[in-house]
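Residue numbers (the numbering used here), protein chains in the order written: chain A, 3 to 594; chain B, 7 to 303. Heads up, the thing below is written out as structure tokens.
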Amino acid sequence: MITAPPRNIVPALAAAIAFVVLAAGAATVLGPAAERVLTVFFVSLIAVLGIGVYSGNSGVLSFGHLSFMAMGAYATSLLTLPAAVKAATLPKLPDWLASTELGLFPAILVAVVFTAAVALVVGLAIGRLDGSAATIATLGLLIIVHGIIIGWRDVTRGSGTFFGVPRSTTLWVAAAGCIVALIVARLYRDSVSGLRLRASRENAIAAGAIGVNMRRERLIAWVLSATLMALSGALIAHFLGAFSPKKFFFVDTFQLLAMLIVGGMTTVTGAVAGAVTITIVTEVLRRFESGFDIFGVAVPQVFGTTQIGIALIILIAMFRKADGISGLKEWEERLFPAQKVKAVGSRSFAVTDKATLTAEGMTMRFGGLTAVDNVSLTMAPGEIVGLIGPNGSGKTTLLNMLSGVLVPSEGAFALGDQPLNGLPTYKISDLGIARTFQNIRLFPALSVRQNVLVAALSTAGGKDAEDRADAALQRLGIADHAGDDAGTLSYGDQRRVEIARALACQPKVLFLDEPAAGMNREETDALMDTLRGLTRDLGIGILLVDHDLGLINRLCHRILVLNEGHLIAEGTPEAIRKNPAVIEAYLGQSST
Amino acid sequence: MDLFLQQTVNAISLGGTYALLALGLAVVFSIMGLINFAHGELMTIAGYVLMFCGLAGMPFVLSILLAVSASVVAAVLMERIAFRPVRNASGATLLVTSFAVSMVLQVLFQNLISVRSQPVLLPQILSESVRIGGFVIGVNKILAIVATVVMLIFLDWFMKRQKAGIAMRAAAEDFAVARLMGIRANTVIAGAFALSGLLAGVAAVLWVSQRASVDPLMGFMPVLKAFIAAILGGLGSLRGAVAGGFLLGFIEIYLAAFLPPEWQEFRDPIGLALVVAVLLIRPNGLIPAPALKAQKV
Chain A
3 MITAPPRNIV PALAAAIAFV VLAAGAATVL GPAAERVLTV FFVSLIAVLG
53 IGVYSGNSGV LSFGHLSFMA MGAYATSLLT LPAAVKAATL PKLPDWLAST
103 ELGLFPAILV AVVFTAAVAL VVGLAIGRLD GSAATIATLG LLIIVHGIII
153 GWRDVTRGSG TFFGVPRSTT LWVAAAGCIV ALIVARLYRD SVSGLRLRAS
203 RENAIAAGAI GVNMRRERLI AWVLSATLMA LSGALIAHFL GAFSPKKFFF
253 VDTFQLLAML IVGGMTTVTG AVAGAVTITI VTEVLRRFES GFDIFGVAVP
303 QVFGTTQIGI ALIILIAMFR KADGISGLKE WEERLFPAQK VKAVGSRSFA
353 VTDKATLTAE GMTMRFGGLT AVDNVSLTMA PGEIVGLIGP NGSGKTTLLN
403 MLSGVLVPSE GAFALGDQPL NGLPTYKISD LGIARTFQNI RLFPALSVRQ
453 NVLVAALSTA GGKDAEDRAD AALQRLGIAD HAGDDAGTLS YGDQRRVEIA
503 RALACQPKVL FLDEPAAGMN REETDALMDT LRGLTRDLGI GILLVDHDLG
553 LINRLCHRIL VLNEGHLIAE GTPEAIRKNP AVIEAYLGQS ST
Chain B
7 MDLFLQQTVN AISLGGTYAL LALGLAVVFS IMGLINFAHG ELMTIAGYVL
57 MFCGLAGMPF VLSILLAVSA SVVAAVLMER IAFRPVRNAS GATLLVTSFA
107 VSMVLQVLFQ NLISVRSQPV LLPQILSESV RIGGFVIGVN KILAIVATVV
157 MLIFLDWFMK RQKAGIAMRA AAEDFAVARL MGIRANTVIA GAFALSGLLA
207 GVAAVLWVSQ RASVDPLMGF MPVLKAFIAA ILGGLGSLRG AVAGGFLLGF
257 IEIYLAAFLP PEWQEFRDPI GLALVVAVLL IRPNGLIPAP ALKAQKV
């Protein structure tokens, strides 16, 4: 399913096709030299898009993607190489492979499936790592595959040149491949999986809290990007006719990454812009590399002119525009920005199967410090419970345990009959506990509506996701901001978006960590009305942490008081106000 | 058994060099989140200084001092010119910037010095060997091991006892809070780069003293290995970097020595696969960095 509206997607795809067809048409007019440059450009662009599908959407830079390109190149070439050539150059091939002689397209299909299978296995391993460790692990992948290709002489001719491959990649074949890659990359970016992955790139913990299984989405993108790399590798092999393992190692990795990063990693527009820029610069500099005359003065040959040119472009791009030439948005997202929110009218998403939250003996130790000690609580459906206590009393730690962000040292908790112990956050939120964070954790580069929509799509089976998202936006009164980037909103609005996002998960229980922080009196009053509405109309239970005791007293049916990790009091607001233990915790012991 | 001991000495010597390089990477990474690809070029610079000093007939000790100082200066300049403008950018931006710096330097070496490998004149004593007990150890190996131990002791003392070192450790745990406590960002970062330059310079001397030659891409492979060692140990963790460096040294040397001949071609892939296997069991490395645990929600 595609989450972006047709008025973004249709022009984007149409422009991509038009761009490729026009460029290819122009090249046929200009002659064979231009055709060659453009064919290489198309094939490189496929690879750049391939890396972008994974790195751009997940935010994890990969150095290992050229190993998939190598797999595509060698696998297709082994299948298309004429049997007579194979007998001469690769005498030790197994019989079934030696006698196979496929056309380019069936060979590409086989190679893509093969590469995807390898990528799946590799991705399962690399998916366990995070951030920079994952990046370096992909570097390891590149070296491992390079080593295997060089060592596996009987099949790959080792470090020598693999030659005799039929040159069946014409300009139009490359153009067709490029169109496929552009469409796949653009559609993936705005698919449900792509949107979830981008959310996890912006904030991994918040993405988990709204039901996104980051590892699964990363794996999907990884395998999909590997198939694009295999396509690119197959096409370059059948363009060059002869290649060696060096073609798929550091130099080319760097060149392709340079295209992606100079253009802007997170968008398809950026991949195209970067590929065009670097290709033009490389073509211009290459003419200077072998030395030239300027006004009768001979400039000597300078080794590595293109390399240094690319390096300087990268430095300039990074210093001036760290997000790349095209920034964080697709061109048509800038051109047709705001998404209107449909009035969902009276459709409300009430909790149908109500359940009581119970927690027994929750304890959290950090080394020698016991942040929360043996706290038990229950929350009835539709109840608003306040959780108060001095700073450092363990309120947020308790919320973190109950939402799966922290695994409790001891204790058990359940929603209705469903035990939640040890479940990852994304499962807990899907089972009916949604939350907001003390330090706001939005997805700043996504629009407000996308922030909320991705939550609706990732919980309750994604049913009625659009309606649930719009209903949540309207209930919190931020429908007017739907098209804005979440990161650009005011503090109070960001808090509201976070509550709307939690609400879109269709929770049975909602945890709010200091929702009124940074709001003025009017805003706080409006928020109280909204929260009362959630329990009254929808039957959602709310567990509220705040330091605004006025808000807590007026809103909550029941209050729990924590001090130094212990539950010291529990009762109605009146009872809590008079409780001597609470007064002592907040004000200190009276000396009289 | 003799062969095993012999290879163990080799492993400690190679692992020590990796450990020094990985430490240099870890010091910078822990403070500003930069994986510095241009670390290898610091090594290359030190290597070229050794070469020129050799040609000029300087005493070897003086050459070492000059080489290490050159690498320190180059590291500080690198930070000032290339990394300061992108200091607060994302990890990917920093990494790509360093990749570009590395490429510029490589092309400069190729054009200004030579594309080809250049011999480095070393004192005769380095290529001799001494007999201890039953087996023979090269002087250069002993030098490498001694230098590594001295550097590790120095670093431990510096990080624990010196104000600058403590400031760096504080900045590594929480840069924002460290700045609020009055630690200057520019000083700490420049200091981290100087330290990483020092470590790269020493590693370069050890590396060159085993090979007696230097080429424009000299630093690339060892630093690549050091990245892997740093990840293996736990990125940003100093003790982890040392542990990862030694473990990688042992894996490489033992594979080279004891893998059957028909498997030797696959030595690098097998070694890296072992590293990946360790990482699958311990995704945050052998000794994870403290900053990982302290993430606040």
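The beta-carbon is built from N, C-alpha and C at its ideal position, and this holds for glycine as well. All figures in this text were calculated on a predicted structure; none of them were measured in a lab.
Excluding five sequence neighbours on each side, which residues of the same chain lie with their C-beta closer than 8 Å to the C-beta of Ala300(B)?
-> Annotation note: pLDDT 46 at Ala300(B) (below 50); position unreliable, no value reported.
Checking contacts by CB at 7 Å: is Met216(A) closer than that to chain B?
-> No, Met216(A) does not count as interfacial toward chain B.
Would you list the one or two residues that DSSP bridges to Arg560(A)?
-> Val387(A)
I think Val264(A) touches Leu569(A), with their Cβ atoms under 8 Å apart; what is that distance to the nearest whole Å?
-> No, Val264(A) and Leu569(A) are not in contact; Cβ-Cβ is about 56 Å, not under 8 Å.
Which term fits Met227(B), buried or exposed, when burial requires 16 or more other beta carbons within 10 angstroms of its beta carbon?
-> exposed
State the CB to CB distance for the pair Ala77(A) and Val112(A), rounded to an integer number of angstroms; the pair is presumed to be in contact (CB under 8 Å).
-> 7 Å
Three-state secondary structure assigned by DSSP to His67(A) | His67(A) falls in the helix class under three-state DSSP.
Starting from the Cα of Gly520(A), find the closest Cα among Tyr493(A), Leu92(A) and Ile542(A) and give me that residue.
-> Closest option to Gly520(A), judged by alpha-carbon separation, among Tyr493(A), Leu92(A) and Ile542(A): Tyr493(A).
Ordered list of beta strand (DSSP E) runs contained in the region 508-585 of chain A, each at least 3 residues = 511-515, 543-547, 560-565 and 568-573
Beta-carbon gap between Ala235(B) and Gly251(B) smaller than 7 Å | yes
Jot down the residue ranges of each uninterrupted alpha helix (DSSP H) in the region 115-173 of chain B, minimum 4 residues, whole runs only, in chain order.
-> 145-167
Same chain, Cβ closer than 8 Å to Tyr588(A), neighbours up to 5 away in sequence not counted | Pro392
Less than 6 Å between the CB of Ala6(A) and some heavy atom of the ligand COA, yes or no?
-> With respect to small molecules bound, the structure shown includes none, and the ligand COA cannot be examined in it.
Between the region 81-94 of chain A and the region 185-205 of chain A, do three or more beta carbon pairs fall short of 8 Å?
-> Contact between the region 81-94 of chain A and the region 185-205 of chain A is absent, because fewer than three Cβ pairs lie under 8 Å.
Does Phe165(A) get closer than 7 Å to chain B when you measure Cβ to Cβ?
-> no
Determine the contact status of Gly242(B) and Ala295(B), defining contact as a CB-CB distance below 7 Å.
-> yes
Closest residue to Trp224(A) among Pro575(A), Thr171(A) and Leu68(A) (Cα-Cα distance) = Leu68(A)
Out of curiosity, what's the CA-to-CA distance linking Ala436(A) and Ile282(A)?
-> 50 Å
Where does Gly276(A) land, buried or exposed, given buried means 16+ other C-beta within 10 angstroms?
-> Gly276(A) comes out buried.
List the residues of chain B whose Cβ lies closer than 8 Å to the Cβ of Arg130(A), in chain order.
-> Against chain B, a Cβ distance below 8 Å from Arg130(A) picks out Leu285, Leu286 and Pro289.
Could you tell me whether the Cβ of Glu586(A) comes closer than 7 Å to any Cβ of chain B?
-> no
Whose C-beta lies closer than 6 Å to the C-beta of Leu455(A) among residues of the same chain, with five residues either side of it excluded?
-> Closer than 6 Å at the Cβ level, and outside the excluded window around Leu455(A), lie Ala471.
CB contact check: Ala135(A) to chain B, cutoff 7 Å | yes
Got a sec? Which residues, its chain only, sit under 6 Å from Gln452(A) by beta carbon, not counting five neighbours each side?
-> Answer for Gln452(A): no residue qualifies.
Whole angstroms is fine: what's the gap from Ala313(A)'s alpha carbon to Pro266(B)'s?
-> 42 Å
Beta-carbon proximity check, Gly46(B) vs Val229(B), cutoff 7 Å = yes
Can you list, in chain order, the residues of its chain whose CB lies under 7 Å from that of Pro289(B), leaving out five sequence neighbours each side?
-> none
Hey, out of Leu433(A), Ser101(A) and Asp97(A), whose CA is closest to Gly464(A)'s CA?
-> Checked all of Leu433(A), Ser101(A) and Asp97(A); the closest Cα to Gly464(A) is Leu433(A).
Which bits of chain A does Phe233(B) rub up against, with CB to CB less than 8 Å?
-> Ile138 and Leu141
If you count every other CB in all the chains shown that lies within 10 Å of the CB of Ser133(B), and 16 or more means buried, which is it?
-> In this structure Ser133(B) is exposed. Its beta-carbon is surrounded by fewer than 16 other beta-carbon atoms within 10 angstroms.
Count the other CB atoms, across all protein chains shown, that sit within 10 Å of the CB of Phe351(A); report buried if there are 16 or more and exposed otherwise.
-> buried
Since Ala236(A) and Phe245(A) are thought to touch, with beta carbons under 8 Å apart, how far apart are those beta carbons, to the nearest angstrom?
-> Beta-carbon to beta-carbon, Ala236(A) and Phe245(A) are separated by about 11 Å, too far to satisfy the 8 Å threshold.
May I ask you to list the residues that DSSP assigns as paired with Thr380(A)?
-> Thr360(A)
Apart from the five residues just before and just after Gly196(A), which ones in its own chain have a Cβ nearer than 7 Å to its Cβ?
-> Asn59 and Tyr190
Member of Ala121(A), Leu404(A), Pro410(A) and Leu408(A) whose CA lies at the smallest distance from the CA of Leu417(A) = Leu404(A)
Any chain B beta carbon closer than 7 Å to Met403(A) | no
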